[in-house]
Each structure stands twice: as C-alpha cells, then as structure tokens.
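Student: Chains as they are written, first to last, in this note's numbering: chain A, 1381 to 1873; chain B, 1381 to 1873.
Beta carbons: idealized from backbone N, C-alpha and C, even for Gly.
Values in this document were obtained by computation on a predicted structure and should not be read as measured data.
A single structure is presented below for examination.
There are 2 protein chains.
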Amino acid sequence: MSLFRNLIQHSTSKSKPLLTNPNFLFTSLSHFTTDTHTSPSLTRYAGLEPTKGDEKPRVVVLGSGWAGCRLMKGLDTELYDVVCVSPRNHMVFTPLLASTCVGTLEFRSVAEPIGRIQPAISKAPGSYFFLANCTGLDAEKHTVDCETVTDGLDTVDPWKFKISYDKLVVAMGAEASTFGIQGVKEHAIFLREVHHAQEIRRKLLLNLMLSEMPGISEEEKSRLLHCVVVGGGPTGVEFSGELSDFIMRDVRQRYAHVKDYIHVTLIEANEILSSFDDSLRHYATKQLTKSGVRLVRGVVKDVKSQKLILTDGTEVPYGLLVWSTGVGPSPFVKSLEFPKSPGGRIGIDEWLRVPSVPDVFAIGDCSGFLESTSRPVLPALAQVAERQGKYLASLLNKIGKDGGGHRNCDKDIEFGDPFVYRHLGSMATIGRYKALVDLRQSKEAKGLALKGFTSWFIWRSAYLTRVISWRNRFYVAINWATTFVFGRDISRI
Amino acid sequence: MSLFRNLIQHSTSKSKPLLTNPNFLFTSLSHFTTDTHTSPSLTRYAGLEPTKGDEKPRVVVLGSGWAGCRLMKGLDTELYDVVCVSPRNHMVFTPLLASTCVGTLEFRSVAEPIGRIQPAISKAPGSYFFLANCTGLDAEKHTVDCETVTDGLDTVDPWKFKISYDKLVVAMGAEASTFGIQGVKEHAIFLREVHHAQEIRRKLLLNLMLSEMPGISEEEKSRLLHCVVVGGGPTGVEFSGELSDFIMRDVRQRYAHVKDYIHVTLIEANEILSSFDDSLRHYATKQLTKSGVRLVRGVVKDVKSQKLILTDGTEVPYGLLVWSTGVGPSPFVKSLEFPKSPGGRIGIDEWLRVPSVPDVFAIGDCSGFLESTSRPVLPALAQVAERQGKYLASLLNKIGKDGGGHRNCDKDIEFGDPFVYRHLGSMATIGRYKALVDLRQSKEAKGLALKGFTSWFIWRSAYLTRVISWRNRFYVAINWATTFVFGRDISRI
Chain A
1381 MSLFRNLIQH STSKSKPLLT NPNFLFTSLS HFTTDTHTSP SLTRYAGLEP TKGDEKPRVV
1441 VLGSGWAGCR LMKGLDTELY DVVCVSPRNH MVFTPLLAST CVGTLEFRSV AEPIGRIQPA
1501 ISKAPGSYFF LANCTGLDAE KHTVDCETVT DGLDTVDPWK FKISYDKLVV AMGAEASTFG
1561 IQGVKEHAIF LREVHHAQEI RRKLLLNLML SEMPGISEEE KSRLLHCVVV GGGPTGVEFS
1621 GELSDFIMRD VRQRYAHVKD YIHVTLIEAN EILSSFDDSL RHYATKQLTK SGVRLVRGVV
1681 KDVKSQKLIL TDGTEVPYGL LVWSTGVGPS PFVKSLEFPK SPGGRIGIDE WLRVPSVPDV
1741 FAIGDCSGFL ESTSRPVLPA LAQVAERQGK YLASLLNKIG KDGGGHRNCD KDIEFGDPFV
1801 YRHLGSMATI GRYKALVDLR QSKEAKGLAL KGFTSWFIWR SAYLTRVISW RNRFYVAINW
1861 ATTFVFGRDI SRI
Chain B
1381 MSLFRNLIQH STSKSKPLLT NPNFLFTSLS HFTTDTHTSP SLTRYAGLEP TKGDEKPRVV
1441 VLGSGWAGCR LMKGLDTELY DVVCVSPRNH MVFTPLLAST CVGTLEFRSV AEPIGRIQPA
1501 ISKAPGSYFF LANCTGLDAE KHTVDCETVT DGLDTVDPWK FKISYDKLVV AMGAEASTFG
1561 IQGVKEHAIF LREVHHAQEI RRKLLLNLML SEMPGISEEE KSRLLHCVVV GGGPTGVEFS
1621 GELSDFIMRD VRQRYAHVKD YIHVTLIEAN EILSSFDDSL RHYATKQLTK SGVRLVRGVV
1681 KDVKSQKLIL TDGTEVPYGL LVWSTGVGPS PFVKSLEFPK SPGGRIGIDE WLRVPSVPDV
1741 FAIGDCSGFL ESTSRPVLPA LAQVAERQGK YLASLLNKIG KDGGGHRNCD KDIEFGDPFV
1801 YRHLGSMATI GRYKALVDLR QSKEAKGLAL KGFTSWFIWR SAYLTRVISW RNRFYVAINW
1861 ATTFVFGRDI SRI
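Have a look at this one:
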C-alpha cells in the first residue's frame, strides 16, 4: 500500500500544466493492473489485485442502501480497506423520499454522499467508491466483475473491471415488483430513488401548468390532474398523504384556476397498511379520506399510457401514476448460484454468512434466513437492513482484530453471538404531521399503537439520528421549518 | 370576468368523484374559446379573447427573466390582468447560478416561482401563467400565437393557442452566442438556466468518479478532469473561480485519489473582464492564477466531443466545457418585423415602446434603443433589465390609472419622464468570498473600484433584496452558512 502511495506522490510532483506539456506522464501503478488479453487500444479490463499478507484486508461492499452504508459506517478502517461498488454515490434516506416529491423537503436533504458516511472511502489510499454495477461473482477466486456506470456522459463508453475481495458483503437491495403487469415499467414511476422523486415532481408540476392552458378539454384536465397511487403499504400511504396535503395547502393557493380538478386515488388489492394494528388502520383510513384521498379496492390488470385497467374492467384515466406494491429479488440476485431463502433471496445463516461460500455475507433486502436456520425471512424494511449492517460491522471488526481479515483466514475464529432481530415497531406518516406508530413485535402480538403528532415527531427524530450526517439533519429541520412558514416550493427546475 | 368566476364555481359544485362518475361535466367557458376550424376531436386551438370595455385590460408579458419578472412584480393588479407566457415557470437569480454547479448553493435557492413574484398570476381569475413559447405576433389584431411546452410528458402533444392583449411586453431575453463555431451547441454547456447548472454538476461529479476507477488510462483521467471555460466575462470568471475553489476546498478532501489531475482552464480571446477597471482586472488575474485557474489567450475554432481546437492549431482535450461568450438576439426576435436597434435587437424609444407598433413594449436583453434616440444600446445585464422592468411597471400603472389601459386607448395620455439608465457599477466574484466591484459609470469614466470580502458581502446583500422572496433569501443565507461549516454537497442525484 505504501508503494502505491509513493507512486501517487511521485506522479504528482512531476505532473505539468496540460497546455504547456501535452505529453502526459504515464505512471504504472502496482495496484491497478491491466488485462493483457485485450488489444492495447481497447485496454479497459483492469482492477484491484488480491491483497498481500502485509496489507490491510479488503472488504468489498456491493450496494449503497441502508444495509451497506450502515456497515461501512461501522467498519474499522484501521483494520480494513473498504471498497464500495454501487450505481449510486449516495444513500437515500428512504423514509423521507415521499416528502421531496411535493417540495416539503429538498432532494439533497434526503441524499447522503457515501464519502460522508465513511470518510476513508474518499481519503484512504486503498479505499474506493466505484460508480459501477456488479455483473458477476467468482467465489472460488474471490473476485467480482464490475461495469462502470456512465449514463449522462456520451464521450465515454462503459468498461469492465475486476476486484479481488477478502470479505464480500452483498447489500444490493431488492427491485420494485410489477407482478408481470404489462406497462408498469413504461408508464408508472416507482418511489425508490431520488431521481424517481424528481420525475414525480416534474410531472406533477407540468400537469398542473398544462391543465391551466387555454384549449385543454375538461376531460383532459381531469385526467392530467388525477394522481393514482397503486399499493397501500407505508410508501403508498405516505405519498398519498403528502400529495393530498400538498393539494390542500399549496395547490389551492398557487393553482387556484384548477384546484377543483386535482384528485388522489389510492388503489390497493387488500387492505391498506395490512401489517399494522387494526385501530391504526382505521385511523389511517379515516385521515386519508378526510384529506381527500379516494381509497379504491382493486387489482390492476393492465397499464396504458393514459389509463389503467382493473380486473373488473374499470378504466381509470390518470396523469401521474406511482407504483409501490413491494419488492422482489433483482435479476442479479436471481442469477447467483447461491443457496436461496424462501422468496428467492440470498440465503444466509444466523451470522449473515452465505453458508458454503467462504468470506461472503449478505444483508438487507437481498438476503433472507435459510430454512435450515428455522428463522422467518425478515421483512424488507430499512430497520432490518440498518440493524444487519450494524451487526455485520461489529462482526467483521471482531474477525479483523482476531487476525481473520484476509481471505480464507477466519476458519478458527470464534464468531460470537448470532444476529438477533428485535422489531422496534413500524411507522407510516399520513400527511400533515400525523403518523402511525405500531410498536407490536408482530402482526399477532399485542402492544402499543400510537397515532398523531407526538408519534410523528418522536419517531422522525429518532430515525434521523441513525445514518444521516449533521449537515442533512440540519437541512431537514430547516426544510420543515421553511415549509411550515412559507409553504412548499413550487418551482419546476 | 364575474361571469367567468361564476362558471368556475358552478362547474365545481357539480363535479363528482372520477371513479363513480366517469362522465365528466363539460362546461363551456366564455373566456376560453375553441377554434371551430379544426375537427372537434383535434380541438387544440383556443385562447383568451379580447377584453371588453368593462373588464380589466390585459397585459401580456413574454418571458420570465429579470425584466419580465420585475415588471410583473410592479404591475398594479387592481388595474390590470397579467398573463405571462414563458417556457419556464420561475425566474433564475442568474448572479448566483455559478455557485449552484459546485454545491455552494442549492438549485432551488436561485429559482423563484413566478407565482411568488406576482401572486395574482396564481389566484386572480383573469391572470395566468402559461408554460408555452410565443411563436407569432399579430400587432394589427393585438394577438400572440403560443405553443405549449410539454417536454418530459410523452402522453400529451404540444398544442397552439392565441392570446389577445391590450398591452404587450416583449421580455424574452437573448440567446447564448456561438459565433457560428461548429460543435458548441452539441458539446458545450451554457450557464443560463438552472438545468444547465444541473447538467454541469452531474457531469463534473461523474467525471470525478469515473477518473477514480480502475482501468482508466492516465491520459483519459487528465482529460476527464480538465474543465475548460470559454469566455472571460463575469459569468466565465465567476464559474472558474467557484470551480477552483471547489477543487481547493472540497475535491482535495473528497476525491483525494484524483485531486492532482483536476485543472481549470479559462480561454478568452482578449482580456478577462474587459469592461472592468484596470486595477480590478489585474487583481482578478492574480487571484484566479493563485487559485489554480490557467488563463489562456486564444480563439476557439472548432469543438469536438472530447477536445476543442484553437485557431493556432492547439488541441485542448476536455472533460467539461462551459461556454459563456456573451449573447445575441434569438431567432424569434430576429423574425419579428419590428424596427431594430444596432445589433439586431427590438428597437425601442425612450419610453421603452416599439415605435409605430401600438401597445407593444420591449425590455431587457431583447431590446435596444433605436439609433433615432441617439442613445447607446445598453449592455445585456440583469441590472439594466431590472431597472427597465421597474420603470415600465410604473409607466403602465400610470397609463392604467389615466384610463389608457385598453388597446389603442393611450394616444392622449401623457407618458411622463422617459427611462434613464444610471449604471450602478459592475460586479464579479472570483471564488471564496472575493469580489470585484467597479462603480464607474462607463469604461472611460473615473470612479471607485473595490475588491475583496467587504465588497462581496455588501454587493451580494444589496442585490439579493431586488426580486428574491424572503424564503429564498433565507435559503441562500442558510446555504452559505452550511457550506462554510460543513463544506459543499457532493452527492450526485
């Protein structure tokens, strides 16, 4: 590692201004190897070589969601080099994403750069963040294949590279499920990434503006301003609540000409918030209906560009369609030849290891307990992912301290206590500073159920302290205060 | 107007939930007319009819920049209905745009929704904002042709409509000039709109991340991290300053692996900040060089996707190219059969009227004094546009009060004092809280020249109070404070 550092410094001191010296210094770096099988002009296959015995072991983390980021935050960078591979250079604070669509929060307030979660990634010589997708995995050789993400840049073609790992943590999350319904991917917007929220916001504001134009028919106006949310889980309910709140508070004022045309419909096949306590569910239904959300029980059969069709044949014209019906394993996870848990996730044991695959762990939505553990597959919740990341960070730190950090070196290490999940309760907000908090351990258990402003405030505050930096905590507080005083932002940029 | 209001209320009270009653109520509104020449299924040509004698006269404003927004802010909405036509629903606070590219400020802090500048637009029954481009003008009939802007929405095709005006204010600004150089529009990014700043930011951060990847050649790394700015006016200088500041403060910390590869080059054919006082120019040159910006004198001949070529044959590879070499008249302004000022802008007299075209005014960058006025064409500055907007608002309010608001009614009205421009000085920031302020009336005059932090602070504070709402003033202050404490934001969303 020190060699690498020296070479960097060496190359730096020799580098000259570009325009006076167009011949760049080509430095060969021991760590960055070039695959010699391809022709020199197409040399795009390189990577990070295996670490040597006197170097720090390398933990490679695939993904930058709750699980991966909490893990990286907790890893001891005195013990390990950390390499993160993800198509996204920030973590999304998902519980607050719905609020950004309507301008309650800024987009950046809910995105935390990985370099701020684990500073070593941007500073330490052997730690990196790679903006790339993982495309393959060789458990025998301890390597992963990656391909760079270059969208938005037409001058660079994506290229492939290989990374050797000592420990591999798969934390790639899950994918929004469409249940094979045609047209969902083409016409609906999911609510999982910041760019989804941006798309929803742009579309909502454009629809509002278009519907004010002369020459638009009444029918078209009603269609453009009909916002349909499919899926009555916490995300769908929260988004519906924020949206109707936005309509009640801001649209009435700012788009007075069309305020009576805008409507929100929430479509759910069963019950909304089905995992919540009965009394909370009734409270949510009452509150949503009161704030103008139409709750419709139905199953979507087909999605067209301007309408969706339910199984009973009802046609529902829409201007904005948000899809949040849960998640399932991604194609990459499906393709892995690992043991699988019920539901097709990567199968793990009590220590979050993938059994029979040395040095590979899986956490978060992409993983599930194997049937052999006799434990239930945990729900796809931020809470679970966060707890698993935290646990695995301690476990890896322990292994590292005991000298088992390098590949195939942890056979004789005592792993200690297995991971135990204790459900702290579920929460869903339903617009205007109201929230449901269900503190029961499971659907069958008895326990405390809270609703209203206090629960909203306590829960949010508690959650904010988990991963988010002080900068963003500060911004979120400022955003809330500003929205409270001045109303939401409605510029479409 | 009251009829219109009644009809709106009428239609509202009858509207029913969408899903229970799919037959929408079609209300014919007196104000929104439908062109009967097209077939009913393609009814897309409609508009706002001429106002009647007992209705408020209608001021139509084309554009939502400094000139148009300052005008709308000042118009007395007791006297006039205001209709704004623009492809952008917000005003951009252009002096702060450069700061948003590197994360010093949030994008939304520099965008002010028009509905906040002139609340009547979103509330008053006869006032509207139309997200549309103006495509034609009939001075005889007092109408403008418009076409809706629907980008980002694939389910709606753009349509045309017509608006009748009593007074028309053309405030459409100017267009970035490329001097006919090939490849500028394809490969360079301008810095005039918020989406330009977003594009610059996304590209800069992507280049930084890509250059950290294994498998990238040294040459490619240097190219990706070479930021070239063409044009040494205030915008080019400010952006270079912000960028080098970002590199010195943030990239060194956050992208330690590549910090020695990133460079900023500013290319200018003549002198940077040529309109400024000599001593200020020297100070700027010294400060920029000190902070690592390479100043190159040269003329660009050709722009390719990965390099630009100067007239002396030098090839300059770049990863990011920002173009800010001044502005010229837009194709629409060129197409207007109006008298023109030197430089091809819409020719105006001392009262900002377009002579011989009744009820039409032009302000801001799209307008210039006719030679017959013996006045010089004013520079394309926010300051000029702002002052013209303010003046014209008072003039139109005076005309309205004197009963000349309707079309062809102001012949006997005394217009009062003509518009007089007093230059308050020019400013440019050059990174890290340093600014130049030139208080001379013109290039030849003598006067006060300030530099450093105090001038930066005073000037910014003064400017912020012009158009921006309290909400955004507050946000800008918070953004500055946060950047000061926590450093800039580096998430790529």
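1) Comparing alpha-carbon positions, which option in Pro-1505/B, Gly-1495/B, Leu-1588/B lies nearest Arg-1632/B?
2) What is the C-beta distance between Leu-1371/A and Val-1608/A, in whole angstroms, given that I count them as a contact (C-beta under 8 angstroms)?
3) Please tell me whether Leu-1804/A and Leu-1660/A are closer than 8 angstroms, where the distance is taken between their beta carbons.
4) Do you know how far the Cα of Glu-1730/B is from the Cα of Asn-1777/B?
5) When you compare the CB of Glu-1592/A with every CB in chain B, is at least one pair closer than 8 angstroms?
6) Suppose the cutoff is 8 angstroms on Cβ atoms and the five residues either side in sequence are ignored; what does the same chain contact list for Pro-1722/B look like?
7) Using a C-beta cutoff of 8 angstroms, does Leu-1646/B count as contacting chain A?
8) Let me know if His-1662/B comes out buried or exposed under the rule of 16 or more other beta-carbons within 10 Å of its beta-carbon.
9) Does DSSP put Tyr-1508/A in a helix, a strand or coil?
10) What does a CB cutoff of less than 7 angstroms around Pro-1738/A pick up in its chain, not counting 5 residues either side in sequence?
11) Based on the DSSP secondary-structure assignment, which residues constitute the bridge partners of Asn-1513/A?
12) List the DSSP bridge partners of Ala-1808/A.
13) Tell me which residues share the same chain as Val-1638/B and place their Cβ nearer than 6 angstroms to its Cβ, disregarding the 5 neighbours each side in the sequence.
14) How many Å lie between Gly-1706/A and Gly-1613/A at the Cα?
15) Taking its Cβ as the centre, do 16 or more other Cβ atoms sit within 10 Å of Asn-1780/B, making it buried, or is it exposed?
16) Among the residues of its own chain, which have a CB less than 6 angstroms from the CB of Tyr-1698/B, if the five just before and after it don't count?
17) Does the Cβ of Val-1856/B have 16 or more other Cβ atoms within 10 Å, making it buried, or fewer, making it exposed?
18) Among the candidates Thr-1809/A, Gln-1763/A, Asn-1859/A, Asp-1818/A, whose CA atom is the shortest distance from the CA of Ala-1447/A?
19) Residues of chain A with a CB under 9 angstroms from the CB of Lys-1503/B: which are they?
20) Can you name, in chain order, every residue of its own chain whose Cβ lies under 7 angstroms from the Cβ of Ala-1500/B, other than the five neighbours on each side?
21) Could you check if Lys-1831/B is buried or exposed, using at least 16 other CB atoms within 10 Å of its CB as the buried criterion?
22) When you compare the CB of Arg-1488/B with every CB in chain A, is at least one pair closer than 8 angstroms?
23) Counting only the same chain and skipping the five closest in sequence on each side, list residues whose C-beta sits under 6 angstroms from that of Ala-1649/A.
24) Curious, which full-length alpha helix (DSSP H) runs of at least 4 residues does the segment 1434 to 1520 of chain A contain?
25) Counting only beta-carbon separations shorter than 8 angstroms, does Leu-1476/B have a partner in chain A?
26) Kindly indicate the opening and closing residues of the beta strand (DSSP E) around Gly-1621/B.
27) Output yes if chain A places a C-beta closer than 8 angstroms to the C-beta of Trp-1703/B; else output no.
28) Please identify the residue among Phe-1833/B, Ala-1742/B, Asn-1859/B whose C-alpha is closest to the C-alpha of Val-1549/B.
29) Could you give the residue range of the alpha helix (DSSP H) that holds Pro-1711/A?
30) Mind checking Thr-1691/A: buried by the 16 CB within 10 Å criterion, or exposed?
31) So Ser-1655/A and Asp-1625/A are in contact, right, with Cβ under 8 angstroms, and what is the actual spacing, rounded?
32) Chain A beta carbons: is any one of them nearer than 8 angstroms to that of Val-1536/B?
33) Thinking C-beta only, is Ile-1810/A closer than 8 angstroms to Leu-1668/A?
34) Could you say which of Lys-1814/A, His-1786/A, Met-1807/A lies nearest to Asp-1546/A if we only look at CA atoms?
35) Pull up the DSSP beta-bridge partners for Pro-1722/B, would you.
36) Using only the alpha-carbon positions, how far apart do Ser-1565/A and Gly-1427/A sit?
Tutor: With the given structure in hand:
1) Along the second sequence, one-based indexing puts residue 1632/B at 252. Closest by alpha carbon: Leu-1588/B.
2) Lying outside 1381 to 1873, the shown extent of chain A, residue 1371/A is not represented and no answer is given.
3) Here residue 1804/A is taken as the residue at index 424 of the first sequence, counted from 1. Here residue 1660/A is taken as the residue at index 280 of the first sequence, counted from 1. Contact: no.
4) On the second sequence, residue 1777/B is found 397 positions in, with the first residue counted as 1. On the second sequence, residue 1730/B is found 350 positions in, with the first residue counted as 1. Note on geometry: alpha-carbon atoms of Asn-1777/B and Glu-1730/B lie some 17 angstroms from one another.
5) Taking the first residue of the first sequence as 1, we reach residue 1592/A at position 212. Interface residue, yes.
6) The residue you call residue 1722/B lines up with position 342 of the second sequence. Closer than 8 angstroms at the Cβ level, and outside the excluded window around Pro-1722/B, lie Gly-1748, Glu-1751, Val-1757.
7) For this step, residue 1646/B is matched to residue 266 along the second sequence. No, Leu-1646/B does not count as interfacial toward chain A.
8) As a working note, residue 1662/B is residue 282 in the second sequence. That one is exposed.
9) Sequence index remark: in the first sequence, residue 1508/A carries index 128 (1-based). The three-state secondary structure of Tyr-1508/A, taken from DSSP, is strand.
10) If you number the first sequence from 1, residue 1738/A lands on position 358. Taking C-beta separations shorter than 7 angstroms and ignoring five residues to either side along the sequence, the partners of Pro-1738/A in its chain run Asn-1788, following chain order.
11) As a first step, residue 1513/A must be located in the first sequence, where it is residue number 133. Note: Asn-1513/A sits in a beta bridge opposite Glu-1527/A.
12) For this step, residue 1808/A is matched to residue 428 along the first sequence. Note: Ala-1808/A is bridge-paired with Leu-1816/A in the DSSP secondary-structure output.
13) Residue 1638/B sits at position 258 when you count from the first residue of the second sequence. Correct list, in chain order: Ser-1591, Glu-1592.
14) Reading the first sequence from its first residue, position 326 is the one you call residue 1706/A. Reading the first sequence from its first residue, position 233 is the one you call residue 1613/A. If you take the alpha carbons of Gly-1706/A and Gly-1613/A, they lie about 8 angstroms apart.
15) By one-based count along the second sequence, residue 1780/B stands at place 400. Residue identity differs from the one stated: residue 1780/B is Gly in this sequence, not Asn. The residue in question, Gly-1780/B, is buried, as its Cβ has 16 or more Cβ neighbours within 10 Å.
16) Here residue 1698/B refers to the residue found at position 318 when the second sequence is read from its first residue. Here the set comprises His-1606, Val-1608.
17) Here the question's residue 1856/B lines up with position 476 in the second sequence. Counting Cβ neighbours within 10 Å, Val-1856/B comes out buried, since at least 16 surround it.
18) Along the first sequence, one-based indexing puts residue 1447/A at 67. Ala-1447/A has its Cα closest to that of Gln-1763/A, out of Thr-1809/A, Gln-1763/A, Asn-1859/A, Asp-1818/A.
19) For the purposes of this step, residue 1503/B is taken as the residue at position 123 of the second sequence. Those are Gln-1633, Arg-1634, Ala-1636, His-1637, listed as they occur along chain A.
20) Translated into the one-based positions of the second sequence, residue 1500/B becomes position 120. Closer than 7 angstroms at the Cβ level, and outside the excluded window around Ala-1500/B, lie Thr-1457, Val-1462, Ser-1507.
21) In the second sequence, the residue the question calls residue 1831/B occupies position 451. The residue is buried, with at least 16 neighbouring Cβ atoms inside 10 Å.
22) As a position in the second sequence, residue 1488/B is number 108, starting the count at 1. Yes, because at least one Cβ of chain A sits closer than 8 angstroms to the Cβ of Arg-1488/B.
23) Start at 1 with the first residue of the first sequence, and residue 1649/A comes out as number 269. Val-1679.
24) 1446 to 1454, 1477 to 1481, 1494 to 1497, 1500 to 1503
25) Locating residue 1476/B in the second sequence gives position 96, counting from the first residue. Output row for Leu-1476/B: interface = no.
26) Taking the second sequence and counting its residues from 1, the one referred to as residue 1621/B is at position 241. From DSSP, Gly-1621/B is part of no beta strand (DSSP E) but of the alpha helix (DSSP H) over 1614 to 1626.
27) Looking up residue 1703/B in the second sequence gives position 323. No, its Cβ sits nowhere closer than 8 angstroms to a Cβ of chain A.
28) Here residue 1549/B is taken as the residue at index 169 of the second sequence, counted from 1. Comparing Cα positions, the closest option is Ala-1742/B.
29) Here residue 1711/A refers to the residue found at position 331 of the first sequence. That run of the alpha helix (DSSP H) goes 1711 to 1715.
30) Working through the first sequence from its first residue, we reach residue 1691/A at position 311. Exposed: under 16 other Cβ atoms inside 10 Å.
31) Residue numbering aside, residue 1655/A sits at position 275 when the first sequence is read from its first letter. Residue numbering aside, residue 1625/A sits at position 245 when the first sequence is read from its first letter. Contact doesn't hold; Cβ gap of about 23 angstroms is too wide.
32) The sequence position of residue 1536/B within the second sequence is 156, counting from 1. Yes, contact with chain A.
33) For the purposes of this step, residue 1668/A is taken as the residue at position 288 of the first sequence. For the purposes of this step, residue 1810/A is taken as the residue at position 430 of the first sequence. In contact: Leu-1668/A and Ile-1810/A (Cβ atoms closer than 8 angstroms).
34) For the purposes of this step, residue 1546/A is identified with residue 166 of the first sequence, where counting begins at 1. When the alpha-carbon of Asp-1546/A is set against those of Lys-1814/A, His-1786/A, Met-1807/A, the nearest one is in His-1786/A.
35) Here residue 1722/B is taken as the residue at index 342 of the second sequence, counted from 1. Beta-bridge pairing by DSSP links Pro-1722/B to no other residue.
36) Position 185 of the first sequence, counted from the first residue, corresponds to residue 1565/A. Position 47 of the first sequence, counted from the first residue, corresponds to residue 1427/A. It is worth fixing the name first, because residue 1565/A is Lys in this sequence and not Ser. Looking at the two C-alpha atoms, the distance is approximately 34 angstroms.
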